[in-house]
Each structure stands twice: as structure tokens, then as C-alpha cells.
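Below is one structure, written out as C-alpha cells; comments come after it.
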Amino acid sequence: MSKQDWLDYFEAVNGRSASAEEIAQALAAGEFQEEVVVPETPQAPEFVAAPTAPVEEPVAAPQAPEFVAAPAAPQAPEFVAAPAAPQAPEFVAAPVAPQAPEFVAAPAAPAAPTAPAEEPVAAPVQEPAPQAAPANGPAFQQAPQQAYQQPTQAAYQQAPYQGQPGQPYPGQPSQFGVAVGGYWNWFLSALKRPTAVENPKALNGILQYVLTAFVLTLGTFFTASGFTGGYGMDFRAFMLTLISLFFSVYAFQVAGFFVRRVVLQDKEYSYGRSFEEFGRLSVYTLPLALLAFLVGLVKVYEFYGFINFLIFFLFFVGTCYVVHQGLNKTNFKADKFLLLVASSVVLLLIAIFVIYVNARILEQVAVGFIPSAPNFSNFGF
453 MSKQDWLDYF
463 EAVNGRSASA
473 EEIAQALAAG
483 EFQEEVVVPE
493 TPQAPEFVAA
503 PTAPVEEPVA
513 APQAPEFVAA
523 PAAPQAPEFV
533 AAPAAPQAPE
543 FVAAPVAPQA
553 PEFVAAPAAP
563 AAPTAPAEEP
573 VAAPVQEPAP
583 QAAPANGPAF
593 QQAPQQAYQQ
603 PTQAAYQQAP
613 YQGQPGQPYP
623 GQPSQFGVAV
633 GGYWNWFLSA
643 LKRPTAVENP
653 KALNGILQYV
663 LTAFVLTLGT
673 FFTASGFTGG
683 YGMDFRAFML
693 TLISLFFSVY
703 AFQVAGFFVR
713 RVVLQDKEYS
723 YGRSFEEFGR
733 LSVYTLPLAL
743 LAFLVGLVKV
753 YEFYGFINFL
763 IFFLFFVGTC
773 YVVHQGLNKT
783 NFKADKFLLL
793 VASSVVLLLI
803 AIFVIYVNAR
813 ILEQVAVGFI
823 PSAPNFSNFG
833 F
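One gets the numbering used here by counting positions in the sequence shown from 1 and adding 452 to each.
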């Protein structure tokens with residue numbers, strides 16, 4: 453595109469004449485080719501002075517600026533195609549906009565484009581230029597690109613920064629805390645209604661057995677230590693006492709389950725339910741075990757044996773209640789009295805086995821703090 457064509461195009465689009473700065477910017481951007489015809493005008497008369505026929509031959513004269521301008525602007529053929537499609541600069545300038553200044557600044561004289569490029573930035577004349585999008589393509593493209601990149605980078609940086617402190621995550625309780633809280637609610641409910649079994653969970657019954665056996669072990673350990681003056685009461689004796697008491701408590705629950713499920717054939721009575729039900733029936737043994745521990749701690753030994761008797765009596769009553777419920781739900785056609793006798797025999801056999809095992813365990817404990825401990829095997833155990 454020649455300079456005159458570009459001036460006409462600019463005046464038609466903007467409604468005003470282009471300033472010297474805008475012409476310089478357009479020339480630097482390669483929107484038109486500098487007319488080299490001006491210095492060659494003296495040659496025109498030479499061709500005109502020649503015979504009239506050669507005057508029409510210098511049609512190649514317009515091509516002379518192309519070859520002359522080729523080294524000055526290597527990308528001139530790209531912009532020459534612009535007049536054929538007025539929208540071509542828009543589509544071409546959109547993707548090439550970031551790279552256009554780099555390639556244009558390299559071949560063109562660096563000093564020439566930089567001087568006018570700095571002045572339009574500071575001058576207020578550039579404010580209306582972005583409004584004329586089709587005319588000042590390169591000038592308009594640089595401004596919105598910078599404005600577009602800055603807010604996107606700021607928004608990209610602020611998004612995670614604002615999101616991190618604004619996401620409060622509630623603290624999730626531990627499994628131990630959930631188990632303890634559930635057991636406490638279960639314990640309070642069992643104190644009010646020991647026989648009301650709702651949503652049975654074996655964990656609550658197991659915790660009931662463990663806590664009761666542990667507190668009973670502490671009470672027994674302190675009581676025995678007070679009797680013997682602490683002689684022979686070591687960690688080994690403590691663990692043997694704990695095993696013996698837990699085995700005794702567990703035997704009451706297993707005996708009731710075995711009689712009800714195997715002897716009386718109550719198929720609805722599961723093993724997990726037996727933990728829940730027997731734990732609720734023996735819920736009062738834990739407060740009594742705490743009382744026995746306090747009695748042993750303050751050395752009031754007169755009440756310790758009586759409290760232990762109450763604890764094991766409640767365990768026995770709980771087992772009898774489980775067997776009684778099994779008699780009411782059994783599918784056997786036999787007389788209930790005969791079933792009760794059979795159940796009692798099974799319970800007696802289990803009790804003999806438990807007493808035998810506990811006698812062996814307590815014999816090992818007694819050897820530690822009683823020099824002349826009796827051998828329970830001499831009594832037929």
C-alpha cells in the first residue's frame with residue numbers, strides 16, 4: 453500500500469488527517485511503503501523525453517519501489533495483501549500482535565521507531581487512538597494486551613490467596629473420642645433401663661468388661677498390698693490379677709450366651725448382642741468396683757469383701773436373667789423345668805472350670821508375696 457493510499461484510508465476511517473507521529477508509527481509498522489518515486493521523478497522526464505512508445509513501458513516503475521523497499525521491510529508482502537481484505541490486518545494482528553514489535557524492531561532502525569514509540573505513550577493523543585480499532589491496529593493491540601494481562605495476573609494471584617484462609621475445615625473427632633462419648637451415653641442409658649437394648653453394639657459391652665476388670669484389679673492390688681506391706685506386689689502380680697478378674701467377668705457372659713444359643717436354641721440371640729445385653733445388665737458393677745477401689749485405697753478392708761460379693765452376685769443375676777429370657781423364647785417343646793435343670797447343669801460345669809483356672813492363676817500370684825502359699829491342688833482343684 454502506498455503512502456497516499458494509506459492517508460486516504462486513514463482519513464476515511466477516522467474522519468481526520470493523520471499526524472506526523474501516526475504516519476511515522478504506520479511506516480515503522482509496515483502498513484505502507486515509503487514512496488521512493490519522489491527521488492526517481494527526475495528520471496520520469498527522461499523516459500517521457502524519449503519516444504512516446506517507451507513512456508507506457510515503464511509500467512514496471514511501480515515495481516521498482518517494491519524491490520527497493522524489500523530490504524527495508526521484509527514483511528511488506530504480508531501487509532500488501534491487506535487492501536484485498538480489509539479485515540486481514542485484524543485477523544493477522546491478533547495472533548501476531550505479541551511478535552510483531554519484535555520482528556519489526558529487529559530489521560528496522562532501532563533508533564527510529566523507539567523515539568516516536570515513547571512519545572505517544574506519554575502524550576494524551578493516544579487516548580482516542582484505542583477507540584479507532586481498525587486504524588491503529590498495532591497501537592490499539594498493545595494497550596488492551598497490557599490491560600488484559602495485568603488484571604488476569606492479579607486475579608490469578610488473588611484467587612488462591614483469598615481461597616486459602618477462607619476455607620475453614622471442621623476438626624474431625626478421633627475414633628477414641630467417638631468411642632468414649634458413645635460409651636458414656638450408653639452407660640447413662642443403661643443405669644436408667646438395664647434391660648432396654650436398642651441398636652446393640654458389642655464395643656460398649658467390651659468396654660464395660662475391661663473397665664470393671666481393671667478397676668477391680670486396682671482395688672484387689674491395693675488391698676493385698678496393704679495386707680502384706682507391699683511385699684511381692686509387682687507388675688507380674690498385677691497382670692495376673694487382671695487376667696483372672698477379666699476371665700471371671702467374661703465367663704459369666706459366655707455362659708449365658710452358650711446356654712441361650714446352644715442349649716435353648718435361641719437363633720435370634722447373636723454373640724454381639726450378648727455383649728450388649730450382659731453389659732447393660734451388669735452396669736452397676738462398675739460403680740461398685742470404683743467403691744471397692746476407694747475402700748482398698750483408704751485401707752477400710754472390712755467392706756472390701758462385702759463389695760466384691762455384691763459385684764459377683766450382680767454378674768450371676770445377669771446370667772440368670774439371660775437364661776430366663778432364653779426359656780421364654782426357646783423352640784423346644786420340652787417342659788421348661790427340664791430345660792431349666794439342663795441350663796443349670798451347664799452353668800455349674802462352666803463355673804467349676806472357671807474356678808479351677810482362677811485357682812491356678814491366683815496360686816502364681818500368692819507365691820510372689822506369701823512365702824508359704826498353699827497349693828490349691830491339695831484341695832482338689
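Where a beta carbon is used, it is the ideal one built from N, C-alpha and C, also for glycine.
Check: Contact under 7 angstroms by Cβ, VAL774 with ARG712; Outcome: yes
Check: Reduced DSSP secondary structure (H/G/I, E/B, other) of GLN777; Outcome: helix
Check: LEU697 vs THR737 beta-carbon contact at 7 angstroms; Outcome: no
Check: Closest Cα partner of VAL817 within the set MET691, LEU800, LEU790 and THR782; Outcome: MET691
Check: Other residues of its chain near ILE658: CB distance less than 7 angstroms, five sequence neighbours each side excluded; Outcome: PHE727
Check: Where the alpha helix (DSSP H) containing PRO739 begins and where it ends; Outcome: 737–749
Check: Backbone CA spacing between GLN456 and ALA464 [nearest angstrom]; Outcome: 12 angstroms
Check: Three-pair Cβ contact test at 8 angstroms for the segment 744–762 versus the segment 774–791; Outcome: no
Check: Delimiting residues of the alpha helix (DSSP H) encompassing ALA707; Outcome: 687–710
Check: Same chain, Cβ closer than 7 angstroms to LYS653, five either side skipped, listed in chain order; Outcome: GLU728
Check: Under 7 angstroms between C-beta atoms of VAL715 and VAL798; Outcome: yes
Check: Range covered by the alpha helix (DSSP H) that runs through VAL714; Outcome: VAL714 -> no alpha helix (DSSP H), and no H or E assigned at all.
Check: Boundaries of the alpha helix (DSSP H) in which ASN466 is found, first to last residue; Outcome: 455–466
Check: The ligand FAD heavy atom lying under 6 angstroms from the CB of VAL711; Outcome: Judged by which ligands are present, the structure shown has none, so any question about the ligand FAD falls away.
Check: Extent of the continuous alpha helix (DSSP H) run through ALA478; Outcome: 472–481
Check: Alpha-carbon to alpha-carbon, PHE709 and TYR723; Outcome: 7 angstroms
Check: Residue nearest to ALA811 in terms of C-alpha spacing, selected from LYS788, PHE764 and THR693; Outcome: THR693
Check: Rounded C-alpha distance that separates ALA794 from TRP636; Outcome: 37 angstroms
Check: Contact under 7 angstroms by Cβ, VAL806 with ALA703; Outcome: yes
Check: Check whether LEU779 and ILE759 have beta carbons under 7 angstroms apart; Outcome: no
Check: Pairwise C-alpha distance: TYR461 and SER469; Outcome: 10 angstroms
Check: Nonlocal neighbours in the same chain, by C-beta distance under 6 angstroms from VAL667, ignoring five residues either side; Outcome: ALA741, LEU742 and PHE745
Check: Element boundaries [alpha helix (DSSP H), containing ALA665]; Outcome: 654–680
Check: Residue(s) in a DSSP beta bridge with GLN485; Outcome: SER454
Check: Rounded straight-line distance, which links the Cα of ASN656 to that of GLY634; Outcome: 8 angstroms
Check: C-alpha gap between PHE730 and THR771, whole angstroms; Outcome: 7 angstroms
Check: Whether VAL701 touches PRO646 by CB criterion (7 angstroms); Outcome: no
Check: Rounded distance between the beta-carbons of VAL809 and PHE699, thought under 8 angstroms; Outcome: 7 angstroms
Check: For ILE813 and ILE695, believed in contact at Cβ under 8 angstroms, the rounded distance; Outcome: 6 angstroms
Check: VAL750 to PHE789 span [Cα, whole Å]; Outcome: 47 angstroms
Check: Proximal residues to TYR756 (C-beta, below 8 angstroms), its chain only, five neighbours per side dropped; Outcome: GLY671, THR675, ALA744, VAL747 and GLY748
Check: Boundaries (first-last residue) of the alpha helix (DSSP H) holding ARG732; Outcome: 723–733
Check: Under 7 angstroms between C-beta atoms of ALA665 and ILE802; Outcome: no
Check: Reference ASN651; option with closest CA among GLN717, ARG725, SER626 and PHE687; Outcome: ARG725
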